[in-house]
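Data first, discussion second: the structure below is written as structure tokens.
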């Protein structure tokens, strides 16, 4: 508690006064006199007579007339020997006379009174040992009211040199503001003539008196009282007490003779009564430190006091002393806190607050030695009452500090009781202490989100600061009350009225210079401004469209937007345009900037805002004069005009409780420089000048370890603008944009382009996200459609395309022609451009548009951007599965099967057309007798299956071309890449044939339309890149387009056109990646890398692969030579032909000879195939109409053949089968061994050196074994 009391010296002062005040009470004898000193100086002419007079005065003192104070005390006579005026001889004569009269109770105390001389001649002043005992009296003299007197009468407790009564200290009662205080008493410097030797002799005298006189006197009294009173009461009186308890009410009559009076219903016992003598015995024992004996006496006498309510004060005193005795001799088996609580409660009931406090202070002192701070806090709370707010504040404050001494600390209880203390201080007008308590407690409730507690603290602190004339602090705390709290509307209204009154006082006392320097503007939390939703536009979006799709610079951009920004920066650098930082916005001189702000009133009362403007700062880049702005703004009274910019002012806005509004406010820059939009300024209720600064976070930083470990953000630059010279300003509007479409549909949207700037807009470009399918038309195509339709049949289209794997990222938008022959859009003009968007992915897609344009100012080009985004929901439409099978009739034919499922819930689908795009294949119907009309009409959740033939184009059908095959082109570029040689920048053109099959009697949709062609090639590019990334992961993605082509020779892309019967909308589904050729790894066409990867890895010298390890280079070569995703198979395609039905008369000839033709084709483009074919002679199963049995047919004549085939060469071999019985026979029984070798034109070919080694076929490269898998049945019928 010492450190606590040092922090609260006012409590320590009060505690010392309470403990030091001498107040004689009837219920205890601690302040009863035990001895008296009678002082007479030797300067007195008749000391004996004076002693007698003083003795009589003591005997007649009012304190002994109370009858509860024992007059039997020590009277000690002291003759003060003034050595300056009285000789030693005269003193000896007086001493002999006094000894005869007073005996041992007489002493002589000599004084030389040389204190002043010692103080003058010594550096060390004489110790004033009596000063401590005089401080209290002096302090009381200063604060003592004029009308204070002791009028208690004879029955009142007698106070010795004290202005207090038994109700407590008057000076600590609540201050009466109307009372007048006496002037400060003059403090007299007592004892200044007493020397150090006088001090020593005085101390010696007192020590001898206590040891030789006082203590023996007290011991004799204890012995006497113990024999005469205590022993007797421990005997027979117990039985009398028991009789009084159980047999009637005679106790009152028996005790009546010991009671001398009653005040306020409380008894007073005579000092001769047994109860008073028992209490005195216990008190004397306690003073002589016999705590155990004292406890036994207190415990004995408390039973008498406990039996009557009129003895409550006596009972309270004994209970308190019992607790002290138990603590002093370390016996705490009993619940001392309960005993002490009973003592305090009884004191309070008899309104003896002073003694309750005095007992509690002693109790607390002892508990402090045991570190029992929890009990100390409870003790302080017990003496806290409503009678005195000052004392309650003192005790509650001490209670709060006790909670800090606990382990663990009870912070919330500490702060709570400190608040209570501050509240009590506030009630009695002690504002400094009230402010201090609330201010200290506030720190513990900070950031706890306990709004009601925060409101109470802030309100009280504001009130106290106002009464302390600290208006700045008052406004600071009342500002914290103005928010969307949980208070009622009436309470919030009261806070607002009081704040407005205080703010008016605050303004009146402000220095006029502060208003000129804008130091009187404060930051308010009402109304709330949603800083995250602030949007900045360079044109008024409300004129023509909603702002939801417009992406402004103050949005947090994701990685996809940043990728588009990088494309723009690269494009502008290539053309030497001045492109501003993509993280920074640009505007031009005289161009209005529209700031859209969402403002919300969170309170339950209405608010009114006046004179709302933006808080802006514009730093000019040069000292040129400001340029004039549009006269429509200049003459508008709603604008405030400053040297560097003009601001729109909104005169008045009213907000209903808990309402929200969006406001649009304008700033117009006049000079070049950096414009910062910092916040908004306004007047609250046309009185409070306020500002709300915008606080926005930039992108979350994640580059360094420190940034990843901590939440760190970049600086936000979304409200910082670079003001440039006049430039064009692009505004776009998307008309007829859908919100929901089906997969496969293509929507036509009209793009309205407006130039709202002051210059001609040129070189408008559009950049879109990578996976988008958007085709941009020209103004002349405004009435065009995506599909070109013809009624011709069997139309085979051919289109020459660049087969390089490239993608167009930046699109030029064709603007109207100008007078100078260039294209552009003049200031204030508008043009319309059609765009088509194809939707192939299911789900919610975000189509992003980044428009980039430039203008020329003073010979320098400036670039600007506009971002726009459309969100569209794409629903599923069709599920398509396509598959191919080899034809059994021809080598160069495949069967194409298409399974289509209608996923729409309530819409029928009509298949319109099946088209393919391929370098060498075309599509035909399969001629059957069955009608296919119903197969093209697909009801909801139904499946349709249709079949077609894929036929290889003949040379007559193809267009002549000398282009290199795509496979050879890729092989050559991959070789250069691996060897570190640079590939030439050259186009690889290829002819793509588009063939179509009509479904039902619909018209044909042609591929010549540029929009449809763009969509098809875009889809093909996406599929091809995805395929290459999965097949060749060790090749960098950026190098893939330079190495591979878009189409391979045998590629077939399938397009299925269909119509929604409800909307009559034509759509299509694109299925890429059908390859009908023999798949080979790219480097299998290479001669340089014909060896395996382990042997060729050292040949790789590409800088792009420099950082790769040898193992990764080996894996790269393996993927290019023998890719595991490409099945290595024989390049030969074989087809067996014969008559299906043969009539033979087995009675004429027992053997039927069936001629069989075997067609073989080498499908490789760069390898010669050596083959050895054998016709199998073994038992086969025969199927007849009548029975099943095992029959034999054998090959006769030539049963094997060797040879070779050059690339794409075909051969026909003739064989004969001999059949001895009619039936159905499968003649497709053969096996073939194939070995391949790189083909070089004009090379000598022979089959003599080719050896087909089957012993080690797994380790032999380019060796394949094929056998018949399909069934080819021949029906032999007997004539």
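Numbering (the UniProt record's numbering), first residue to last: 1 to 1279.
Built from N, CA and C at the ideal position, the CB exists for glycine as well.
Please read these numbers as outputs of a predicted model, since none were measured by experiment.
query                                                                                                                : result
Length of the line joining the Cα atoms of residue 686 and residue 610                                               : 6 Å
Cβ pair count under 8 Å reaching 3, the segment 28-45 against the segment 84-91                                      : yes
Straight-line gap, residue 391 to residue 714 (C-alpha atoms, nearest Å)                                             : 55 Å
Spatial distance of residue 485 from residue 600 (CA atoms)                                                          : 14 Å
Inside the segment 743-798 only - alpha helix (DSSP H) runs reaching at least 4 residues                             : none
DSSP bridge partner residues for residue 869 (one or two, in chain order)                                            : 848
Residue 1181 classed as buried or exposed, judged by whether at least 16 other C-beta atoms fall within 10 angstroms : With a pLDDT of 47 at residue 1181, under the threshold of 50, the modelled position of that residue is not reliable, and the figure given next carries that caveat. It is exposed - the Cβ of residue 1181 has fewer than 16 other Cβ atoms within 10 Å.
Length-filtered (4 minimum) alpha helix (DSSP H) runs lying within the segment 41-116                                : 47-59, 88-102
Closest residue to residue 863 among 851, 870, 872, 874 (Cα-Cα distance)                                             : 851
Three-pair Cβ contact test at 8 Å for the segment 304-323 versus the segment 345-354                                 : yes
Rounded distance between the beta-carbons of residue 271 and residue 69, thought under 8 Å                           : 6 Å
Residue 836 - partner residues in DSSP beta bridges                                                                  : 748, 775
Residue range of the alpha helix (DSSP H) that includes residue 304                                                  : 291-305
Buried or exposed (CB count within 10 angstroms, at least 16 for buried), residue 1158                               : buried
Terminal residues of the alpha helix (DSSP H) in which residue 225 lies                                              : 215-225
Assigned exposure category for residue 1195 - 16 Cβ within 10 Å defines buried                                       : buried
For residue 811 and residue 1238, the rounded distance between their alpha carbons                                   : 44 Å
Close Cβ partners of residue 985 (< 8 Å) along its chain, the five nearest in sequence each way excluded             : none
CA-to-CA distance, residue 833 to residue 877, given in whole angstroms                                              : 29 Å
DSSP state of residue 712 mapped onto helix, strand, coil                                                            : coil
C-alpha gap between residue 536 and residue 497, whole angstroms                                                     : 36 Å
Contacting residues, own chain, Cβ-Cβ under 8 Å from residue 73 (five flanking each side not counted)                : 33, 34, 35, 36
Beta-carbon separation (whole angstroms), residue 924 vs residue 951, contact threshold 8 Å                          : 6 Å
Contact under 8 Å by Cβ, residue 806 with residue 620                                                                : no
Own chain residues within Cβ distance below 8 Å of residue 99, not counting five before or after                     : 106
Assigned exposure category for residue 581 - 16 Cβ within 10 Å defines buried                                        : Because residue 581 carries a pLDDT of 46, less than 50, the predicted location of this residue cannot be relied on, and the following value inherits that uncertainty. By the 10 Å Cβ count, residue 581 comes out exposed.
Sufficient close CB pairs (3 or more, under 8 Å) joining the segment 792-807 to the segment 999-1015                 : yes
Own chain, CB closer than 6 Å to residue 891, minus 5 neighbours either side, in chain order                         : 1133, 1135, 1159, 1161
Residue of 1166, 980, 1056 minimising C-alpha distance to residue 1080                                               : 1166
Contacting residues, own chain, Cβ-Cβ under 8 Å from residue 764 (five flanking each side not counted)               : 730, 753, 812, 813, 815, 825, 851, 852, 853
Test item: CB-CB of residue 743 and residue 612 under 8 Å                                                            : no
Range of the contiguous alpha helix (DSSP H) that encloses residue 1015                                              : 1010-1031
Of the listed residues 259, 675, 970, 529, nearest to residue 588 (C-alpha basis)                                    : 675
DSSP state of residue 348 mapped onto helix, strand, coil                                                            : helix
Cβ of residue 385 within 8 Å of any chain D Cβ                                                                       : You won't find chain D in this structure, because it holds only one protein chain.
Buried or exposed (CB count within 10 angstroms, at least 16 for buried), residue 1053                               : buried
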